[in-house]
Amino acid sequence: MEKDSLKVFGSGKEIGASCFLLSLNGTNILLDCGMHPKKSGPEALPAVDFYSSFPDVGLISHSHLDHIGALPLFFRQIQFYASKPTIAISRFMLEDSASVQERRRYEDPQNFPEPLFTEKEARKASKSVKSFKRSQSVRLRGNVNAYAYPAGHILGARSFYIESPKISVLYTGDISLFDQITVPSAEIEDLKPDILIMEGTLGLEEDAASRRVSEIRAFASEVSKILSLRQSVLCPTFALGKTQEMLCICDKLMSEGRIPYVPIVLAGMGKRIKRIYSMFVGGPLRTSCAIEIDLRGNTSIERVLEYGPAIFLMTSGMAVPKTPSYKLAKRIMTEDKNGIFFVGYLDPESPAYRILNAQMGEVVELDGKGEKAVKNNPNIKSFRITSHSDKNQLTELALKISPSKLILVHGDAPALDALKNRLHEKTDVLVPSIGETVELD
Ligand SMILES: [Zn+2]
Numbered sequence: 498m499e500k501d502s503l504k505v506f507g508s509g510k511e512i513g514a515s516c517f518l519l520s521l522n523g524t525n526i527l528l529d530c531g532m533h534p535k536k537s538g539p540e541a542l543p544a545v546d547f548y549s550s551f552p553d554v555g556l557i558s559h560s561h562l563d564h565i566g567a568l569p570l571f572f573r574q575i576q577f578y579a580s581k582p583t584i585a586i587s588r589f590m591l592e593d594s595a596s597v598q599e600r601r602r603y604e605d606p607q608n609f610p611e612p613l614f615t616e617k618e619a620r621k622a623s624k625s626v627k628s629f630k631r632s633q634s635v636r637l638r639g640n641v642n643a644y645a646y647p648a649g650h651i652l653g654a655r656s657f658y659i660e661s662p663k664i665s666v667l668y669t670g671d672i673s674l675f676d677q678i679t680v681p682s683a684e685i686e687d688l689k690p691d692i693l694i695m696e697g698t699l700g701l702e703e704d705a706a707s708r709r710v711s712e713i714r715a716f717a718s719e720v721s722k723i724l725s726l727r728q729s730v731l732c733p734t735f736a737l738g739k740t741q742e743m744l745c746i747c748d749k750l751m752s753e754g755r756i757p758y759v760p761i762v763l764a765g766m767g768k769r770i771k772r773i774y775s776m777f778v779g780g781p782l783r784t785s786c787a788i789e790i791d792l793r794g795n796t797s798i799e800r801v802l803e804y805g806p807a808i809f810l811m812t813s814g815m816a817v818p819k820t821p822s823y824k825l826a827k828r829i830m831t832e833d834k835n836g837i838f839f840v841g842y843l844d845p846e847s848p849a850y851r852i853l854n855a856q857m858g859e860v861v862e863l864d865g866k867g868e869k870a871v872k873n874n875p876n877i878k879s880f881r882i883t884s885h886s887d888k889n890q891l892t893e894l895a896l897k898i899s900p901s902k903l904i905l906v907h908g909d910a911p912a913l914d915a916l917k918n919r920l921h922e923k924t925d926v927l928v929p930s931i932g933e934t935v936e937l938d
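The opening position of the sequence shown corresponds to residue 498 in the numbering used here, with each subsequent residue numbered one higher.
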């Protein structure tokens, strides 16, 4: 029989397209099936190699595209399992991914390859995923069982504890070890696997998550300043997770009297996902002050700003060209009124990063195709409101679980190395690259 092993197809020394093949007791389990967020076409797919061992089953940790984006290419051959909310959200995420791929190809065929799948295939793929049983477990082959545990992070996110008669493995997926309003903390600290496969997105940020309370306080104070001048705040937010969490945060701040009571205007994909969150989370998402608008086509920015004073929660989080947040940011950055508050991770190549970091009066290249605007707005700031555990929390988790082998994935090399440096004296720490196979016993 083959040795127990973990093959890394994606997310080795980068965030990239999460995808691993875990082989235990002759059973092959595909962990996640993501798409690289910064690549397109076949290059965005995980570097799968099923030559020597084909997956018997697939487990999806959550519905961010870097974990489910490649599902439409594999669902016909592999039976995937995920939590019910993940299945519900995955349909919207995959359909949207298909339509974005199609639009990009149509508008810029030189730079964008043929779409990897259609909206119809996206729908079929999400429908094909089975949910876990009531016990949150899946009986695999060869005396191997998988159990799903809440992972925090976003609605539906799960970590997987997988055991054979010989060895046990915990795959964290993306985790938050603190309560958010929309999802409580992960529940994995008391597990005792032999092998821990842990994400390391924030491996370089000591206390990004524990600063949450003070960041929200600072956010509230700055939002108040702008709203009290009867001006508006744009918060570019990721469609899945951040939009819904920020909606709850803003609603809570209003009900506690910490910011003025104003409309919260939603535009973009976050609106659709909010409906699924409302089904599973309920209460805090049924805020009365949310207004949903459509910013496609030729809706004028003037008309949108007439909702003000308001908080605009608009996708995308990094103000990617053609999205609602891009359109509004392009206008607000040139004025000396209203404000733009970023609340998530900003890739250095994104328009959001360039807008935030430009000097006053600087001409900012926005879309890489010649669209420019001058930054004249002093109220462009960023606040760290994350849904990932930080370096201190990840370190604490690894020390508490104390596995005989710790495999670090889903983080840039410096982030994973920083975690390794802190933990290597306590346990055997591995940071595999894409294409590498790690033996587990
Ligand atoms: Zn995620």
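Yeah, the Cβ is synthetic: ideal placement off N, Cα and C, and Gly gets one too.
Item: To the nearest angstrom, how far is it from the Cα of Val871 to the Cα of Leu637?; Value: 57 Å
Item: Please find out if some non-hydrogen atom of ligand 1 comes closer than 7 Å to the beta-carbon of His559.; Value: yes
Item: Under a three-way DSSP split, which group does Arg881 fall into?; Value: coil
Item: Compute the beta-carbon to beta-carbon distance between Phe577 and Leu591, rounded to the nearest angstrom, for a pair I have assumed lies under 8 Å.; Value: About 12 Å separates the two Cβ atoms, so there is no contact after all.
Item: Check whether the Cβ atoms of Gln728 and Pro806 lie closer than 8 Å to each other.; Value: yes
Item: Give a single yes or no on whether Ile651 has its beta carbon closer than 7 Å to a heavy atom of ligand 1.; Value: yes
Item: Below 8 Å between beta carbons: does that hold for Gly697 and Leu916?; Value: yes
Item: What residues are listed by DSSP as bridge partners for Leu699?; Value: Asp887
Item: Would you kindly check if the distance between the Cβ of Arg769 and the Cβ of Phe517 is under 8 Å?; Value: no
Item: Going by DSSP, name the residue or residues bridged to Ser580.; Value: Its beta-bridge partners do not exist; DSSP assigns none.
Item: Could you tell me which of Gly649, Glu846, Lys923 and Asp887 sits nearest to Glu742, measuring between CA atoms?; Value: Gly649
Item: Can a CB atom of chain B be found closer than 8 Å to the CB of Pro806?; Value: Given the protein chain composition of this structure (a single chain), no chain B is represented.
Item: Asp501 and Leu528: beta carbons closer than 8 Å?; Value: no
Item: Buried or exposed: Thr831, going by 16 or more other Cβ atoms within 10 Å of its Cβ?; Value: exposed
Item: Ignoring anything shorter than 4 residues or poking outside the region 785–828, list the alpha helix (DSSP H) runs there in chain order.; Value: 798–802
Item: Among all the DSSP beta bridges, which residues are the ones paired with Arg636?; Value: Asn642
Item: Unbroken beta strand (DSSP E) runs of length 3 or more, entirely within the region 835–877: which are they?; Value: 836–839, 860–862 and 869–871
Item: Less than 8 Å between the beta carbons of Gly531 and Pro543, yes or no?; Value: yes
Item: Among Lys510, Ile761, Asp704 and His885, whose alpha-carbon lies nearest the alpha-carbon of Leu913?; Value: Lys510
Item: Please classify Gly639: is it buried, with 16 or more other beta-carbons within 10 angstroms of its beta-carbon, or exposed?; Value: exposed
Item: Mind reading off the beta-carbon distance from Ser508 to Gly738? Whole number of angstroms is fine, and I expect it under 8 Å.; Value: Ser508 to Gly738, Cβ: 18 Å. No contact.
Item: Could you tell me the boundaries of the alpha helix (DSSP H) in which Val720 lies?; Value: Arg709 to Ser725
Item: Alpha helix (DSSP H) containing Asp748: first to last residue?; Value: Lys739 to Ser752
Item: Nearest-angstrom Cα distance between Gly858 and Lys878?; Value: 16 Å
Item: Taking the alpha-carbon positions, what's the Lys824 to Val778 distance?; Value: 30 Å
Item: I'd like the list of long-range same chain contacts for Val545, defined as Cβ closer than 6 Å, with 5 residues on each side in sequence excluded.; Value: Phe506
Item: Determine the contact status of Ala816 and Ile790, defining contact as a CB-CB distance below 8 Å.; Value: no
Item: Alpha carbon to alpha carbon, what distance is there between Ser558 and Arg655?; Value: 5 Å
Item: With DSSP run on the structure shown, which of helix, strand or coil describes Pro539?; Value: helix
Item: Do Leu905 and Ser923 have their beta-carbon atoms positioned less than 8 Å apart in this structure?; Value: Here the sequence assigns Lys to residue 923, which means Ser is not the residue at that position. Not closer than 8 Å, so no.
Item: Closer than 7 Å to a non-hydrogen atom of ligand 1 - does that hold for the CB of His564?; Value: yes
Item: What residues in its chain sit with their C-beta under 7 Å from that of Arg708, if we drop five residues either side in the sequence?; Value: Arg881
Item: Work out the CA separation of Ser673 and Val926 for me, nearest whole Å.; Value: 21 Å
Item: Runs of 4 residues minimum, wholly inside the region 560–628: which ones carry the alpha helix (DSSP H) assignment?; Value: 562–565, 568–571, 581–604 and 616–625
Item: According to the neighbour-count rule (16 or more other Cβ atoms, all chains shown, within 10 Å of its Cβ), is His907 buried or exposed?; Value: buried
Item: What residue from Pro911, Val666 and Ala585 has the CA that sits closest to Ser625's CA?; Value: Ala585
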